[in-house]
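Asks: Protein chains in written order, with this note's numbering: chain Y, 27 to 380; chain U, 27 to 380.
Beta carbons: idealized from backbone N, C-alpha and C, even for Gly.
2 protein chains.
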Amino acid sequence: MSRDVTRAAARLPSLPARLPATPPTLADVAERAGVSRQTVSNAINNPDLLRPDTLARVQGAIDELGYSPNRAARNLRTRSSHLVGMRIGPAQEGTANATMDRFVHSLVETTREAGYHVLLFAAEPDDPMTGYDDLLRSTAVDAFVITDTYLGNPQASWLEQRRAPFVAFGRPWDQPEARHPWVDVDGAAGTALATDHLLDKGHTRVAWIGWRKDSRIGEDRRSGWLRAMHGRGLSTTGLASRVEDTVASGRDASAHLLDEAQPSAFVCASDTLAVGVLRTLADRGLVAGRDVAVVGFDDSQVAPLTQPGLTSVRQPLEDVAVEVVKALEGLLGHPPAVGPGVMLTPTLTVRGSS
Amino acid sequence: MSRDVTRAAARLPSLPARLPATPPTLADVAERAGVSRQTVSNAINNPDLLRPDTLARVQGAIDELGYSPNRAARNLRTRSSHLVGMRIGPAQEGTANATMDRFVHSLVETTREAGYHVLLFAAEPDDPMTGYDDLLRSTAVDAFVITDTYLGNPQASWLEQRRAPFVAFGRPWDQPEARHPWVDVDGAAGTALATDHLLDKGHTRVAWIGWRKDSRIGEDRRSGWLRAMHGRGLSTTGLASRVEDTVASGRDASAHLLDEAQPSAFVCASDTLAVGVLRTLADRGLVAGRDVAVVGFDDSQVAPLTQPGLTSVRQPLEDVAVEVVKALEGLLGHPPAVGPGVMLTPTLTVRGSS
DNA sequence: TCGTGGTCTTGGATCGATCAAGACATTCCG
DNA sequence: CGGAATGTCTTGATCGATCCAAGACCACGA
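#1: Mind the definition here: the segment 348-362 of chain U touches the segment 184-202 of chain U only if three or more C-beta pairs lie below 8 Å; say whether that holds.
#2: Mapping the DSSP letters down to three states, classify U/Val376 as helix, strand or coil.
#3: List, in chain order, every chain U residue whose beta-carbon is nearer than 9 Å to that of Y/Arg248.
#4: Please check if any C-beta of chain U sits within less than 7 Å of the C-beta of Y/Asp127.
#5: I'd like the ranges of any alpha helix (DSSP H) spanning at least 4 consecutive residues and lying wholly in the segment 283-337 of chain Y.
#6: Going by DSSP in three states, U/Asp174 sits in which element: helix, strand or coil?
#7: So, are the CB atoms of U/Val293 and U/Ala220 less than 7 Å apart?
#8: Which class does Y/Arg58 belong to by DSSP, given the choice of helix, strand or coil?
#9: Quick one: what's got a C-beta closer than 6 Å to Y/Glu349's C-beta in the same chain, skipping five residues either side?
#10: Distance check for Y/Ser106 and Y/Val134, CA to CA, integer angstroms please.
#11: Can you find a heavy atom of the ligand PLP that lies under 6 Å from the Cβ of Y/Glu90?
#12: In this structure, does DSSP put Y/Ala194 in helix, strand or coil?
#13: Any residues in the segment 71-95 of chain Y with a beta carbon nearer than 9 Å to a beta carbon of chain U? Which ones, in chain order?
#14: At a CB-CB cut-off below 9 Å, which residues of chain Y make contact with U/Pro49?
#15: Would Y/Thr306 pass as a contact of Y/Asp271 if the rule is Cβ separation under 7 Å?
#16: In angstroms, rounded to a whole number, what distance separates the CA positions of U/Ser275 and U/His282?
#17: Return the CA-CA distance between U/Asn71 and U/Gln64, expressed in angstroms with no decimal places.
#18: If you follow the beta strand (DSSP E) that Y/His223 is in, where does it begin and where does it stop?
#19: Out of Y/Ala314, Y/Met112, Y/Asp79, which one is the CA nearest neighbour of Y/Asp174?
#20: For the alpha helix (DSSP H) containing U/His256, list its first residue and its last residue.
#21: Excluding the five sequence neighbours on either side, which residues of its own chain have a C-beta within less than 6 Å of the C-beta of Y/Val303, listed in chain order?
#22: Is there a Cβ from chain U that is less than 7 Å from the Cβ of Y/Asn179?
#23: What are the start and end residues of the beta strand (DSSP E) that includes Y/Leu76?
#24: Starting from the Cα of U/Tyr158, find the closest Cα among U/Gln187, U/Arg231, U/Gly141 and give me that residue.
#25: Mapping DSSP to helix, strand and coil, what is Y/Leu102?
#26: For U/Leu284 and Y/Gly335, I'd like the C-alpha separation in whole angstroms.
#27: In this structure, does DSSP put Y/Ser67 in helix, strand or coil?
#28: Is there a Cβ of chain Y sitting closer than 7 Å to that of U/Ser40, yes or no?
#29: According to the Cβ coordinates, are Y/Gly314 and Y/Ser379 closer than 7 Å?
#30: Pull up the distance between the alpha-carbon of U/Gln341 and that of Y/Val55, whole angstroms please.
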């Protein structure tokens, strides 16, 4: 069975030894260890089935040959790839997908610990679902992680109908009857945290600058500000503004609010808007953090760079990744287990602006 | 051969039809189209071997059944996965890996067009090469894309010794004899572009703020500034500074340079340093772009948000991805073809700061 | 009529790991 | 002491697509 004699040459696993033309197979290891293929397979997948001494012998042969099970063969037999698919959108220049990039890093790290890898794919220009469809039908991935669950949520319901395993980062806003596992960050809790932080510092007129009303996430974040204000019996009339997510909009909105409602602090739905507020303050010779306080959302890369540093609500993306992988393991377990949705609470990164 | 009758139910490909318990196989398509397995295989891999009408019939059956070749089986037989592995580091909060994230997006998009997918993996905490090693030995990926080729470049030489196919984003600084394909962006050309832009505007005393001398990339960028200045017969003595890549360092260095050498413009090795310069200007009541010009590097997310917007050198990451994929296709072709390294020229995104 | 392509079928073997079932020896217990 | 119950290891079949070689069938032109 030894197709290549040189393959048997002793070699330490992590040294940069030249990769043989054809890597060693299970059979090669079996021959070298003087056992059957199945025993080698068991040594890898069910070590406790072997007697300690044979296990050691097989393990030795594996190390000497630098053997690692062929993924394709294993995938074919077990009907699973240990790959998790995740679609990423085009690189938009806005700060929006910076959060997603941070999440990808966390997800890759966490899946590694669980023995999975992340397969990235891009949306086809025409049909947004073809990417999912191809990967599913060719059984290239075991499951998906989807990230943009707002806006009608076509992927979630599509995948659900296909009975494809997936976990969503983002709650099912529109479908309360959704049965898929999801993980999300409580945006309202985040803005409430920010607002309470400001109220604790003595502010009473805390303004809100958020997104258009059709944004579910935006309305959620706004509700946290509302709740915190009303929780202390404070009025919010005239203190809220809903605009586009741009620096210019944040600047205009804050200027307008300062003139009309004299707030002493701002809570914003994004760091982008908060940067707009900082600009207005600079325009008027006001010092952020001393004269007027500002809090942003997402703790983006800009936050520590503003002058003064921008206090911002930070999503616990590492924890999100951990929960997503937990849900994935449940989905792919035997039998599959679908737990309830998981809601995580963000934290507040306090800097000079508040 | 029909293991499941319902599988033959008509179904349009992109509709969210429920995925059958076991996806259709080549044999199922063959039966439905009334041809042999071999013919179906040819329809997919060698369409020109078939008569047009049978090709159409097979294609129809494929569409009706929603068939897609099983990746694992194909990978096993053809010994290739159509996956490209790329390691990503931990999510550092600095702006350094923002460029990498932008590159990942471009790479995913470009590989899609070439029929490949990107497999992300993380570095093991202990041994940085184990990730590569495992994927190689288990033949999980066809090739790698490596991105951090500075600092002794252990991955490149390790992979070369293993005869593993890979393409580097980043030139082989230390190994002129390296034989692997690479793509890089000419940092010196970028800073020269920036410097010339400033000189064209009438500046004669253009200062440089860069990184420590042990950074190859930093010295490369610095050389472009030097070349542009000397190209017009201008002196550079006292106009350069080498510091850490932080806002505070950029601020201190620019303050010092302004005091000692009275430059009217700054070219920086990074946007982070440039933000530091902007801060010094604000400290002294100077207006960036009017009193003193500033140019950064990498066109990061901060650049458009500063006040005024930061002029910055932009790496053509989309083009880099295209060239990387071209090189990959050469490497994986029959026979493998290794072209020369490719050097791309960055562009300058001009904003208010210059 | 015989060859010559073009097109498709047939029956296999193959990739490498895992599953299902069985072989064999040892131990334990009534 | 016989039979069951383990523990340990082996054998043949299997996952689904591709590759290979040989041949069947048809149509066309020489």
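Replies: Considering the structure as presented:
#1: yes
#2: coil
#3: Under the 9 Å cutoff, chain U gives no residues; its nearest Cβ is about 23 Å from Y/Arg248.
#4: yes
#5: 297-309
#6: coil
#7: yes
#8: helix
#9: Val209, Val368
#10: 18 Å
#11: Absence of the ligand PLP is noted for the structure shown, with no ligands found whatsoever.
#12: strand
#13: Gly92, Tyr93, Ser94, Pro95
#14: Leu162, Arg163, Ser164, Thr165
#15: no
#16: 11 Å
#17: 10 Å
#18: Taken as a continuous stretch (DSSP letters only), Y/His223 belongs to no beta strand (DSSP E), being part of the alpha helix (DSSP H) at 213-226.
#19: Y/Met112
#20: 242-257
#21: Gly276, Ser280, Phe292, Val320
#22: no
#23: That residue, Y/Leu76, is in no beta strand (DSSP E); it is neither H nor E in DSSP.
#24: U/Gln187
#25: helix
#26: 25 Å
#27: helix
#28: The predicted model places U/Ser40 with a pLDDT of 43, which falls under 50 and marks its position as unreliable, so this point remains unresolved.
#29: A small fix is needed here, since residue 314 of chain Y is Ala in this sequence, not Gly. Taking 7 Å as the Cβ cut-off, Y/Ala314 and Y/Ser379 qualify as a contacting pair.
#30: 48 Å
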